[in-house]
Amino acid sequence: MKKRFLVVVATAALAFAGGTASSAAPTHAPLAVAKVCSVGYKHAVIGGVQKCLRRGQYCAHRYDSQYRRYGFRCIRRDSRGSYHLT
402 MKKRFLVVVA TAALAFAGGT ASSAAPTHAP LAVAKVCSVG YKHAVIGGVQ KCLRRGQYCA
462 HRYDSQYRRY GFRCIRRDSR GSYHLT
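Under the working numbering, the very last position in the sequence shown is 487; numbers go up by exactly one each time.
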């Protein structure tokens, strides 16, 4: 019985100490880091993935409506049937 009491008291003390330490920690950590694009590229989120877009790049036609938000279209096909941004 005495051993069980010590375990409970020790566990409660650790939980209390951990709770006070975490409340003093800063909570200003960024949720996500934005991808940085080079000059001439435009940052976008297409299909839930961050991308750097530029005219002429390959694109997925199914995301054409998402490309439109950033001023691009995915409708031009080359001789092999691949789509490119316009």
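Glycine residues also receive a C-beta, built at the ideal position from the N, C-alpha and C atoms.
| query | result |
| --- | --- |
| Within 7 Å, strictly: CB atoms of D465 and C453 | no |
| Own chain partners of G448 with C-beta closer than 8 Å, once the 5 adjacent residues on each side are dropped | A461, Y464 and Q467 |
| Euclidean distance between Cα positions of F473 and V450 | 16 Å |
| Beta-bridge partners of Y484, as assigned by DSSP | R478 |
| For Q451, the three-state DSSP class (helix, strand or coil) | strand |
| Own chain residues within Cβ distance below 7 Å of S483, not counting five before or after | Y459 |
| Three-state class that DSSP yields for Y459 in the structure shown | strand |
| Neighbour-count burial assignment, A435, 16 or more Cβ in a 10 Å radius | exposed |
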